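Asks: Here's a structure for you.
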Amino acid sequence: MAVTTPPASAPASPQAYTYAAHRKRRFKRPDFLHLYTVLLMVYLVIPLAVMILFGFNNTHGRYNLKWDGFTLNWYRNLFAIGQLTSALKISLLIAVLVMIVTTVMGTLMAYAIHRYKFAGKGVLNTILVLNISSSSVVIGASLLSLFVAWNVALGQFTIFAAQVMFSIPYAVITVRARLAVLDPAIEEAAQDLGATPLATFFKVTLPQLVPGIMGAAMLTFALSIDDFVTTSFVSGTTLTFPLWVYGSTREGTPPQVNVIGTLIFGIGLIVAIISGVIKERRDKARLRLING
Amino acid sequence: MTITAAETPVPAAAGRTPVHPAVRRRMLKKRFTLVGLLIPGGAWLALFFVAPILTLVILSLSTGNVGLGWHLTYTWTNFSQSITSYKPEFLHSFEFGTAATVVALLVSYPAAYWIAFYGGQKKTTYLLIVLLPFYVSQLIRTISWQFILADQGIFFGPLKALHLMPQNFHILATPWAVIGGLTYAQIPYMLLPIFAALERIDRSFIEASKDLYATKWETVRRVVLPLSTPGIFAGVLLVFISATGDYVNEVILGGTGTGVIGNIINSQFFVNMNYPFAAALSLVLMVALLIIVIVYSKSLGTEDLMGGGTY
Numbered sequence: 006m007a008v009t010t011p012p013a014s015a016p017a018s019p020q021a022y023t024y025a026a027h028r029k030r031r032f033k034r035p036d037f038l039h040l041y042t043v044l045l046m047v048y049l050v051i052p053l054a055v056m057i058l059f060g061f062n063n064t065h066g067r068y069n070l071k072w073d074g075f076t077l078n079w080y081r082n083l084f085a086i087g088q089l090t091s092a093l094k095i096s097l098l099i100a101v102l103v104m105i106v107t108t109v110m111g112t113l114m115a116y117a118i119h120r121y122k123f124a125g126k127g128v129l130n131t132i133l134v135l136n137i138s139s140s141s142v143v144i145g146a147s148l149l150s151l152f153v154a155w156n157v158a159l160g161q162f163t164i165f166a167a168q169v170m171f172s173i174p175y176a177v178i179t180v181r182a183r184l185a186v187l188d189p190a191i192e193e194a195a196q197d198l199g200a201t202p203l204a205t206f207f208k209v210t211l212p213q214l215v216p217g218i219m220g221a222a223m224l225t226f227a228l229s230i231d232d233f234v235t236t237s238f239v240s241g242t243t244l245t246f247p248l249w250v251y252g253s254t255r256e257g258t259p260p261q262v263n264v265i266g267t268l269i270f271g272i273g274l275i276v277a278i279i280s281g282v283i284k285e286r287r288d289k290a291r292l293r294l295i296n297g
Numbered sequence: 112m113t114i115t116a117a118e119t120p121v122p123a124a125a126g127r128t129p130v131h132p133a134v135r136r137r138m139l140k141k142r143f144t145l146v147g148l149l150i151p152g153g154a155w156l157a158l159f160f161v162a163p164i165l166t167l168v169i170l171s172l173s174t175g176n177v178g179l180g181w182h183l184t185y186t187w188t189n190f191s192q193s194i195t196s197y198k199p200e201f202l203h204s205f206e207f208g209t210a211a212t213v214v215a216l217l218v219s220y221p222a223a224y225w226i227a228f229y230g231g232q233k234k235t236t237y238l239l240i241v242l243l244p245f246y247v248s249q250l251i252r253t254i255s256w257q258f259i260l261a262d263q264g265i266f267f268g269p270l271k272a273l274h275l276m277p278q279n280f281h282i283l284a285t286p287w288a289v290i291g292g293l294t295y296a297q298i299p300y301m302l303l304p305i306f307a308a309l310e311r312i313d314r315s316f317i318e319a320s321k322d323l324y325a326t327k328w329e330t331v332r333r334v335v336l337p338l339s340t341p342g343i344f345a346g347v348l349l350v351f352i353s354a355t356g357d358y359v360n361e362v363i364l365g366g367t368g369t370g371v372i373g374n375i376i377n378s379q380f381f382v383n384m385n386y387p388f389a390a391a392l393s394l395v396l397m398v399a400l401l402i403i404v405i406v407y408s409k410s411l412g413t414e415d416l417m418g419g420g421t422y
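As they're listed, the protein sequences go chains P and D.
Using the numbering used here, the letters of the first sequence correspond one by one to residues 6 to 297.
Using the numbering used here, the letters of the second sequence correspond one by one to residues 112 to 422.
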């Protein structure tokens, strides 16, 4: 923050010294808050560290609870548990489908809400807010009621339907946040230059929306692959990764779960860092463009 | 949903005076575009969000069983029974939800404040760390806590071995473990909106406050805190709703006497197969949450949850 003192290493001219000293006396950097923040970060990371560490644990019994030495055994035998592997495959398949379908639906809806006025917009917004602020248990219970009432067989399709439904508002919010910062003059310019609305959308609006759409895709993928409560209501006998893990807690969770958790964590982190770096590069390039 | 043409300013008497065919074509085209944009998501929401809630209402007022099916008989007994039979579980849910919300707020605010105002170049790193838990399944994180808090686990085991702690001390299977787990899971959801609100505060307000001889504490209390209420509002709402409905933390970290309503709903569906009763329980939870959220929103001023202004 610029409000506080200049860096200690900076040579202080007499004038700057008085001003800085004045500020420093009354507004010291709250170092105890810094320590507190660091401790909170450590607290947030502890369970993740435990998960990663015990993926390397050379455990022999059913319970992976106490440190028995280092091994890469569980990485080598990652797919040794057939049920777990197939649950993971189903989770990944559903997550990819949910990501694609929800991102498309959410982008279209966000664009409609942003660009047009229409009767029923208020109703649509209320539905989106209600959806996002509903408890997962209630959502799961209501979907199960519907599927039972209509005699829909529970399984991969019902899981997909449920996950797309509760992810739509998140995709809409993410894309709308991006739409809100776009300059409408660019679209108008395209139209003035004779572009049809469709061409304007695909050649002008869509490319500018890419960061928002990417964000929505990452978010909906994460929501899908992590969902337990709603999915557990509509899954029937189908097991997704979280459902299998939940079932395993009674008999002791095998270390493979830690390994899969670690790998998903690693991949997610890499994707986040890469997209962060891309964003930074783009921002810098844009700044250069503006500043000449 | 009826759709009105918006962009083109239509003359006041457009209904009667003949519209130029080209204008009409453009208006029609716009309508088709709008329908095309809205139908996929809108239909999905109608089919899998609105219709299920209506089914839930009908089911809660029905009688019958799995074998014979249910018939709408407008019985209210499910509702009265749900409150009388499961009052402790409802109370637990709201107690745990409230406790987790309050603790998460108190724990997150100072850190969000520090990151927003003093994070400097490391701001992005701190935010990335706050987001890290999202990259691990919530279930695995909760299992990690079960493991950390276990009576002879990596934390209490050594302490007990060294006699630094009474042998019968335990935290797992108590309400404290449940509240702790819920709070842990919710901290990022609380911290991020508060951080976003703090980040939006115009720094010149703080300069002005300092120039007007406010002490640091006065600046925080009378300038920063009021300006960050939108973030607090959003965070509290998000956390309270999801913590109150959660039952995963209770099942994994709780014990006897910590039962919450989410788990009761689940077992009424899957163990007792009493669908109308389970539906009534869900609706009671939903309506109670809705009332709390509405009262809360009204008392703190309305906040546009979906972002981007009002309509």
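Where is the CB? At the ideal position from N, CA and C, for every residue including glycine.
Model, not experiment: these values are computed from the prediction.
Anything in chain D within Cβ reach of Leu-49(P), meaning under 7 angstroms, just list it in chain order.
Replies: Within chain D, the residues near Leu-49(P) are Ile-240, Val-241, Leu-243, Pro-244 and Ile-298.
Asks: What does the Cβ neighbour count give for Met-56(P), buried or exposed, with the cut at 16 atoms within 10 Å?
Replies: When all chains shown are included, Met-56(P) counts as buried.
Asks: With a 10 Å radius around its C-beta and 16 neighbouring C-beta atoms as the bar for buried, classify Val-188(P) as buried or exposed.
Replies: According to the sequence as given, residue 188(P) is Asp; it is not Val. Asp-188(P) is exposed by the Cβ-count criterion.
Asks: Pull up the CB-CB distance for Phe-233(P) and Gln-297(D), whole angstroms please, since I reckon it's below 8 angstroms.
Replies: About 16 angstroms separates the two Cβ atoms, so there is no contact after all.
Asks: Below 8 angstroms, how does it come out for the segment 163-176 of chain P and the segment 175-187 of chain D: are there three or more Cβ pairs, yes or no?
Replies: Too few Cβ pairs lie closer than 8 angstroms, so no.
Asks: Ala-210(D) and Ile-290(D) look like a contact to me (Cβ under 8 angstroms); what is the Cβ gap, rounded to whole Å?
Replies: With 8 angstroms as the limit, Ala-210(D) and Ile-290(D) qualify as a contact, their Cβ atoms being about 5 angstroms apart.
Asks: Per DSSP, what kind of secondary structure is Asn-136(P) in: helix, strand or coil?
Replies: Residue state, collapsed to three classes: helix.
Asks: Phe-162(P) versus chain D: which residues are under 9 angstroms apart at the beta carbon?
Replies: Within chain D, no residue comes near Phe-162(P); the closest Cβ sits about 11 angstroms away, beyond 9 angstroms.
Asks: To the nearest angstrom, how far is it from the Cα of Ser-240(D) to the Cα of Leu-113(P)?
Replies: First, the amino acid is wrong: residue 240(D) is Ile here, not Ser. Roughly 32 angstroms separates the two Cα atoms.
Asks: List, in chain order, every chain P residue whose beta-carbon is nearer than 7 angstroms to that of Ala-390(D).
Replies: Within 7 angstroms Cβ-Cβ: Ala-146 and Ser-150.
Asks: Look at the alpha carbon of Leu-354(D) and the alpha carbon of Val-239(P), and state the distance between them as a whole number of angstroms.
Replies: Per the sequence shown, residue 354(D) should be read as Ala rather than Leu. Spanning the two alpha carbons is a distance of roughly 21 angstroms.
Asks: Measure how close the beta-carbons of Ala-176(P) and Gly-252(P) come, nearest whole angstrom, since I'm counting them as under 8 angstroms.
Replies: With 8 angstroms as the limit, Ala-176(P) and Gly-252(P) do not qualify as a contact, their Cβ atoms being about 30 angstroms apart.
Asks: Just how far apart, CA to CA, sit Ile-376(D) and Ser-393(D)?
Replies: Rounded to whole angstroms, Ile-376(D) to Ser-393(D) spans 7 angstroms at the Cα level.
Asks: Using a 10 Å radius around the Cβ and a threshold of 16 neighbouring Cβ atoms, would you call Phe-143(D) buried or exposed?
Replies: By the neighbour-count rule (16 or more Cβ atoms within 10 Å), Phe-143(D) is not buried but exposed.
Asks: Can you list the residues of chain P that Trp-256(D) reaches, using a CB-CB cut of under 8 angstroms?
Replies: Within 8 angstroms Cβ-Cβ: Pro-52.
Asks: Which chain D residues are close to Asn-136(P), counting only those with a beta carbon under 9 angstroms from its beta carbon?
Replies: In chain order: Leu-156 and Phe-160.
Asks: I'd like to know if Thr-225(P) contacts chain D, where contact means its C-beta is closer than 8 angstroms to some C-beta of that chain.
Replies: Thr-225(P) does not count as touching chain D.
Asks: Around the C-beta of Gln-141(D), are 16 or more other C-beta atoms found within 10 angstroms, so that it is buried, or is it exposed?
Replies: Looking at the sequence itself, residue 141(D) is Lys, so the reference to Gln does not match. Buried: at least 16 other Cβ atoms inside 10 Å.
Asks: Tell me whether Val-143(P) sits in a helix, a strand or coil according to DSSP, three-state version.
Replies: Helix at Val-143(P).
Asks: Quick one, which of Leu-302(D), Leu-238(D) and Phe-207(D) has its alpha-carbon nearest Ile-343(D)'s?
Replies: The candidate whose alpha carbon is nearest that of Ile-343(D) is Leu-302(D).
Asks: Return the bridge partner residues of Thr-267(P) from the DSSP annotation.
Replies: Bridge partners of Thr-267(P): none, in fact.
Asks: What does a CB cutoff of less than 6 angstroms around Glu-285(P) pick up in its chain, not counting 5 residues either side in sequence?
Replies: There are no such residues.
Asks: Between which two residues does the alpha helix (DSSP H) containing Ser-191(D) stretch?
Replies: Segment 188-196, the alpha helix (DSSP H) holding Ser-191(D).
Asks: Along chain D, in chain order, which residues have C-beta atoms closer than 9 angstroms to that of Ser-140(P)?
Replies: Result: Ile-352, Ser-353, Thr-355, Gly-356, Asp-357, Gly-373, Ser-393, Leu-396, Met-397 and Leu-400.
Asks: Going along chain D, which residues have a C-beta under 7 angstroms from Asp-231(P)?
Replies: Result: Ser-248 and Gln-249.
Asks: In the DSSP assignment, find the unbroken alpha helix (DSSP H) run with Trp-287(D) in it and report its ends.
Replies: 286-311 is the extent of the alpha helix (DSSP H) around Trp-287(D).
Asks: Along the chain, where does the beta strand (DSSP E) containing Ser-173(D) start, and where does it finish?
Replies: Its beta strand (DSSP E) spans residues 173-176.
Asks: Measure from the C-beta of Arg-291(P) to each C-beta in chain D and report whether the shortest distance is under 8 angstroms.
Replies: Closer than 8 angstroms: no.
Asks: Could you give the DSSP three-state label for Asn-296(P): helix, strand or coil?
Replies: Helix.
Asks: Under 8 angstroms Cβ-Cβ, which residues of chain P neighbour Phe-380(D)?
Replies: Those within 8 angstroms of Phe-380(D) in chain P are Ala-146, Leu-149 and Phe-238.
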